[in-house]
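S.K.:
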Amino acid sequence: MEKLALFGGTPVRTEPFAPWPTFDDRERQYLAAALESRRWGGYPYPSPMSMEFGRRFAEYHGAKYCLPAANGTVTLEIALHAAGLKAGDEVIVPALTFAATAAAAVRQNGVPVFVDLEPRNYCMDPEAFEAAITPKTKAVIPVHLGASIADMDRIMEIARKHGLVVIEDCAHAHGGQWRGQGVGSIGDMGSFSFQSSKLMTSGEGGCITTSDDILRQKCMSLINCGRKEPGYDGFEEQLFTGNYRLSDLQVAVLMGQMDRLDEVTAKRAEMHAYFKQVLHAEVQGLRVLDTDPRTTRLSAYQTIMKFDSEAFAGIHRDRFLEALEKEGVDLDGPFYIPLYHIPIMNATSDEYPELRARYGDGILSATDISCPVAEKAAYEEAVWMHYPHLSGTKKDVEDIVAAIAKVQRLAGDLR
Ligand SMILES: Cc1ncc(COP(=O)(O)O)c(C=O)c1O
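Last residue of the sequence shown? That's 603 in the numbering used here, and every number before it is there in order.
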């Protein structure tokens, strides 16, 4: 009789999924060239290799410029700084994202304001964004989450009407395209991460994209200790900052990753579509989020699904995931939880006094924030699948669906 692996049955799958990150002779050759150049760091800034990488990455995303920097957290801080964020200014962010999206605002002495998501794509709800605007709002940071692109048409329309700066958080979305325009080139600036879990990686790293000449110059100065060198000294003020340069050894790895971006993005998009087709044909009650038809190139970092407990004998999502893991398929549930609940968002008003007026003692002590869509996603509904699951073969995808279907058939045993 069929038995769940959780109760001693045979798991559906025992082999690992595709290894990540990916590398081959391309990274090896760029790295060897960087080593031999003896120019390993990021100073003098910018290096010829970071200019070349920036040119290619910007072109691929339809922006004029791309500036590599230390990681995808400081790129958000730098973008806000370049945007002219002043103490107490508000920055609107979606409630469900990585902490850095909101932490960047706090670290710049701003005040993050959390808004709810659209249930169809788990990205910032444009109407919630508009409702949260106050005279103190300076910027908005939509996040392109998982494999979804935020509704940039509506977000840009609202932001322009209210004179707000738009910084796209593209940490999940390398290569993504919305109505023919690359992510990171739709708002005033885009922020990308090259941290090791991301679609393109140099272990740690990030970059800012923009098509605005002055923002470019300010970001360059802000990455490089506030220096104003020829080519980025065309603005009056002297900015105060630190060193956020990326080393050339990391840029070398990114050059290799850039060479295969197009190929791996297309392959993942194909696998994402295949997964959706097989899952929806064979399983009830676990649906991949819809792709907005305005998405012209899908970039699948995380494939996010919605779990309906009724189709699984009433068990909780986390019980389903526990059983699925034993079948050899490790998916995630509370990958993100609302930022006003997550321990690492412990920004206190003693440390960041600008928070007090809105949050009392600090962000985690606020009790009056409610984003029901984000909360339902985090605690009941969302199931996240990281990109390596879609970076291998069709057989991988079939095994994942077979494991899900098995847990569904035997869900009654999990009650
Ligand atoms: C949505 C989002 N924003 C920002 C970041 C920060 O990037 P990094 O880890 O490179 O600092 C991440 C990375 O985890 C992220 O997922």
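All C-beta atoms, glycine included, are put in the ideal place defined by N, C-alpha and C. The structure displayed is predicted, hence computed values, not measured ones.
1. What is the C-beta distance between residue 360 and residue 490, in whole angstroms, given that I count them as a contact (C-beta under 8 Å)?
2. Please report the distance separating the alpha-carbon of residue 457 from that of residue 269.
3. If we ignore side chains and look at the alpha-carbon of each, how far apart do residue 406 and residue 253 end up?
4. Per DSSP, which one or two residues make a beta bridge with residue 579?
5. Pick out whichever of 413, 414, 488 and 463 has its Cα sitting closest to the Cα of residue 450.
6. Taking contact to mean 3 or more Cβ pairs, one atom from each stretch, closer than 8 Å, check whether the region 248–264 and the region 393–408 are in contact.
7. Report the three-state DSSP secondary structure of residue 550 (helix, strand or coil).
8. Helix, strand or coil for residue 209, going by three-state DSSP, please let me know.
9. Pull up the CB-CB distance for residue 329 and residue 281, whole angstroms please, since I reckon it's below 8 Å.
10. Any residue with its Cβ nearer than 6 Å to a heavy atom of ligand 1 should be included. What is that list in chain order?
11. Which value, in whole angstroms, describes the spacing of the CA atoms of residue 453 and residue 541?
12. Report the rounded CA-to-CA distance for residue 516 versus residue 323, giving the unit in angstroms.
13. Could you please give me the residues that DSSP links to residue 570 through a beta bridge?
14. Per DSSP, what kind of secondary structure is residue 340 in: helix, strand or coil?
15. Verify the contact flag: residue 319, CB atom, against every heavy atom of ligand 2, threshold strictly below 7 Å.
16. Can you check whether the CB of residue 313 is closer than 8 Å to the CB of residue 298?
17. Quick check: the region 302–311 against the region 430–439, are there 3 or more CB pairs under 8 Å?
M.R.: In short:
1. 7 Å
2. 35 Å
3. 12 Å
4. Bridge partners of residue 579: none, in fact.
5. 488
6. yes
7. Residue 550 falls in the strand class under three-state DSSP.
8. Here residue 209 carries a coil assignment [DSSP, helix/strand/coil].
9. 5 Å
10. 259, 260, 261, 285, 286, 288, 289, 331, 357, 359, 360, 381, 383 and 394
11. When the Cα atoms are used, residue 453 and residue 541 turn out to be separated by approximately 43 Å.
12. 51 Å
13. 494
14. helix
15. By its list of ligands, the structure shown excludes ligand 2, since it contains just ligand 1.
16. At a Cβ-Cβ threshold of 8 Å, residue 298 and residue 313 do not count as neighbours.
17. no
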